[in-house]
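The block underneath contains the structure these notes are about, expressed in structure tokens.
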Amino acid sequence: MSFQVWAWLGLLAYTLHIMEEFAFDWRNWARDVIRLPVEWSDFYVTNAAVVILGFAQAQISYALPVAALTFAALMLINATFFHVVPMMATRGRFSPGTFTAVLLFYPVALGIYRSAAAEGQVSTVTVIGSVVGGALLMAYPVAMMRLRGLPYFRQTPEGSVGVDQASTSSSVG
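Numbering-wise (our numbering), the sequence shown opens with residue 250 and increments by one.
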């Protein structure tokens, strides 16, 4: 199979993965096991972004191979650090998404790297760039969820003066 076909399979695998996570209540697992302050809306928005990234990486895989390789790295990081390792750490407590992570993410992600190498699309720079990019993509929504709990990022009127409040309370004498 071609590199681009493998990239499209990455999107398919991720779509099935999202469905598994939803079906087996990933939200409550994430709150309980990895202490992630996640809501279903976070799940929907983050996974919508992943699907859009999946379309984009597959479409541009030949022009920008590091995009598809980054998506593959994201799959490997997700499978390993959000499914397999937590299951081992909890002595086998099921992590929603583990079936597709193991049965699809590992073989498809490795297929993406293998096919890219066979087509001359891999260099040390692209591999390092893809791993760094995959790690950043995995960390980004987690960081946003953690940061939004800090006072500076809260969008509530209590204790803060907004632009409208400041302009109406000042007067020129």
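Glycine residues also receive a C-beta, built at the ideal position from the N, C-alpha and C atoms. Being a predicted model, the structure only gives us computed values, none of them experimental.
In chain order, Phe252, Ala365, Gln370, Val371 and Thr375 place their CB closer than 8 Å to the CB of Pro314, counting only its own chain and leaving out the 5 sequence neighbours on each side. The C-beta separation of Ala256 from Ala317 comes to about 4 Å, placing the pair in contact by the 8 Å criterion. Nearest Cα to Leu352 within the set Leu258, Val381 and Met250: Leu258. Inter-residue distance for Phe273 and Leu323 is about 21 Å (C-alpha atoms, whole angstroms).
Annotation for Asn296: Ile267 place their beta carbon closer than 7 Å to its own, counting only its chain and skipping 5 residues before and after.
For Thr349, the CB contacts under 7 Å within the same chain, skipping 5 residues up- and downstream, are Ala262, Leu265, His266 and Glu269 in chain order. When DSSP states are grouped into helix, strand and coil, Leu285 belongs to the coil group. Buried is the label assigned to Trp275, since at least 16 other Cβ atoms lie within 10 Å of its Cβ.
Annotation: the continuous alpha helix (DSSP H) that includes Pro390 extends over Thr373 to Leu396. Its Cα nearest to that of Phe354, the residue Ile326 stands out among Ala279, Tyr389 and Ile326.
Short of 6 Å from the beta carbon of Asn277, and not among the five residues preceding or following it, lies no beta carbon of its own chain.
Buried is the label assigned to Tyr362, since at least 16 other Cβ atoms lie within 10 Å of its Cβ. Taking 9 Å as the cut-off, the beta carbon of Val357 is found no closer than this to the beta carbon of Ser344.
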